[in-house]
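Residue numbers (my numbering), protein chains in the order written: chain R, 86 to 182; chain S, 86 to 182.
2 protein chains.
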Amino acid sequence: MLRHIIMLRWTPEATEDQKKAAEAGFRALPGAIAQIRGLACGPDLGLSTGAHDFAAVLDFDGADDWRVYQGHPAHRALVDGLIRPILDERASVQFDV
Amino acid sequence: MLRHIIMLRWTPEATEDQKKAAEAGFRALPGAIAQIRGLACGPDLGLSTGAHDFAAVLDFDGADDWRVYQGHPAHRALVDGLIRPILDERASVQFDV
Numbered sequence: 086m087l088r089h090i091i092m093l094r095w096t097p098e099a100t101e102d103q104k105k106a107a108e109a110g111f112r113a114l115p116g117a118i119a120q121i122r123g124l125a126c127g128p129d130l131g132l133s134t135g136a137h138d139f140a141a142v143l144d145f146d147g148a149d150d151w152r153v154y155q156g157h158p159a160h161r162a163l164v165d166g167l168i169r170p171i172l173d174e175r176a177s178v179q180f181d182v
Numbered sequence: 086m087l088r089h090i091i092m093l094r095w096t097p098e099a100t101e102d103q104k105k106a107a108e109a110g111f112r113a114l115p116g117a118i119a120q121i122r123g124l125a126c127g128p129d130l131g132l133s134t135g136a137h138d139f140a141a142v143l144d145f146d147g148a149d150d151w152r153v154y155q156g157h158p159a160h161r162a163l164v165d166g167l168i169r170p171i172l173d174e175r176a177s178v179q180f181d182v
C-alpha cells in the first residue's frame with residue numbers, strides 16, 4: 086500500500102468558506118476516484134505552534150494508482166479550483182505502509 | 086481519534102545509517118508509549134519533486150494522550166538523539182479522524 090500525505094498552509098486571506106469548500110472537495114474524492122483505498126483529512130487542531138493548516142492522508146494500492154489519481158480530472162479540479170486560490174505552502178510525502 | 090502527522094527533511098550530510106536509525110526509533114515508539122494507537126512511517130518513495138524525506142502518522146485517543154506522547158522520555162530521546170542531529174525541516178499537523 087502506498088500512503089500519500091499532504092500538508093497545506095492557507096493564505097492569510099483564505100476565508101472559512103473557502104477552507105471548508107476545499108475540505109469538502111477532498112472528502113468527495115473517493116466517490117470520484119476508484120483508485121483511492123482510504124482518505125482521512127481535516128484542519129489542524131491548533132495544538133502546536135507552527136503547524137500547517139490542513140492535512141490529507143490518502144492510500145493507494147501502489148504507485149500506478151497514485152499516478153492515476155494525480156492526473157484524474159476530479160483531483161485536478163480540486164487542486165486548480167479550490168486549493169490553489171488559497172494555497173500558501175504545500176508539503177508532501179509518499180511512502181510504503 | 087487524533088491523528089498526528091509529521092514530515093521531515095533531512096540535512097544533506099545525513100547518512101543512510103542515521104536515517105535508518107531514526108526510522109527504527111519511530112518504529113520502536115509504540116512499544117514504549119502505550120498512548121500510541123497506531124503508527125505508520127517511512128521514507129519518501131521519490132515519486133514527486135520537492136517532497137520531504139520522511140513521514141510518520143501516529144494515532145491517539147485524543148489530545149491528552151498526544152500530550153503524554155509529546156513529553157514522553159522515549160519520544161524525547163528519539164527527537165533529541167536521532168532526529169535533531171540530521172533535521173533540516175519539519176512540518177506537522179494534528180487533526181481529528
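Where a beta carbon is used, it is the ideal one built from N, C-alpha and C, also for glycine.
It should be emphasised that the depicted structure is a prediction, and the values quoted were computed from it without experimental measurement.
I'd like to know whether the C-beta of S:Q179 is nearer than 7 angstroms to at least one C-beta of chain R.
Sequence index remark: in the second sequence, residue 179 of chain S carries index 94 (1-based). So, interface residue.
Using 10 angstroms around the beta-carbon of S:R161, count the other beta-carbons present and answer buried if the total reaches 16, otherwise exposed.
Start at 1 with the first residue of the second sequence, and residue 161 of chain S comes out as number 76. It is exposed - the Cβ of S:R161 has fewer than 16 other Cβ atoms within 10 Å.
List the endpoints of the continuous beta strand (DSSP E) containing S:Q179.
In the second sequence, residue 179 of chain S corresponds to position 94, counting from 1. 172-181 is the extent of the beta strand (DSSP E) around S:Q179.
Taking its Cβ as the centre, do 16 or more other Cβ atoms sit within 10 Å of R:V178, making it buried, or is it exposed?
Position 93 of the first sequence holds residue 178 of chain R. Result: buried.
How far does the beta strand (DSSP E) with S:H89 in it extend, from its first residue to its last?
In the second sequence, counting from the first residue as 1, residue 89 of chain S sits at position 4. First-last of the beta strand (DSSP E) with S:H89: 87-95.
Please indicate yes or no: does the CB of R:W95 lie closer than 6 angstroms to some heavy atom of the ligand ATP?
As for the ligand ATP, it is missing from this structure, which has no ligand bound.
Evaluate the contact criterion for the stretch 92-102 of chain S versus the stretch 132-145 of chain S: three or more CB pairs, one atom per stretch, below 8 angstroms.
Verdict: yes, contact present.
Quick check: what's the CA-CA separation for S:R122 versus S:P115?
Here residue 122 of chain S refers to the residue found at position 37 when the second sequence is read from its first residue. Here residue 115 of chain S refers to the residue found at position 30 when the second sequence is read from its first residue. So the alpha carbons of these two residues sit roughly 8 angstroms apart.
Beta carbons nearer than 9 angstroms to chain R: which residues of the stretch 120-133 of chain S have them?
So the close ones are A125, C126, G127, P128, D129, L130, G131, L132, S133.
Evaluate contact between the stretch 104-111 of chain S and the stretch 164-176 of chain S, counting only Cβ atoms and requiring at least three cross-stretch pairs below 8 angstroms.
Verdict: yes, contact present.
If we define contact as Cβ-Cβ less than 7 angstroms, is R:H137 a contact residue for chain S?
Position 52 of the first sequence, counted from the first residue, corresponds to residue 137 of chain R. Output row for R:H137: interface = yes.
Compare the C-alpha of R:T134 against each of S:V164, S:G131, S:R175, S:M86 and name the closest.
Locating residue 134 of chain R in the first sequence gives position 49, where the first residue counts as 1. Of S:V164, S:G131, S:R175, S:M86, the residue nearest in Cα terms is S:R175.
Less than 8 angstroms between the CB atoms is what I'm expecting for R:H137 and R:D150, so what's the real figure, rounded?
If you number the first sequence from 1, residue 137 of chain R lands on position 52. If you number the first sequence from 1, residue 150 of chain R lands on position 65. About 25 angstroms; that fails the 8 angstroms criterion.
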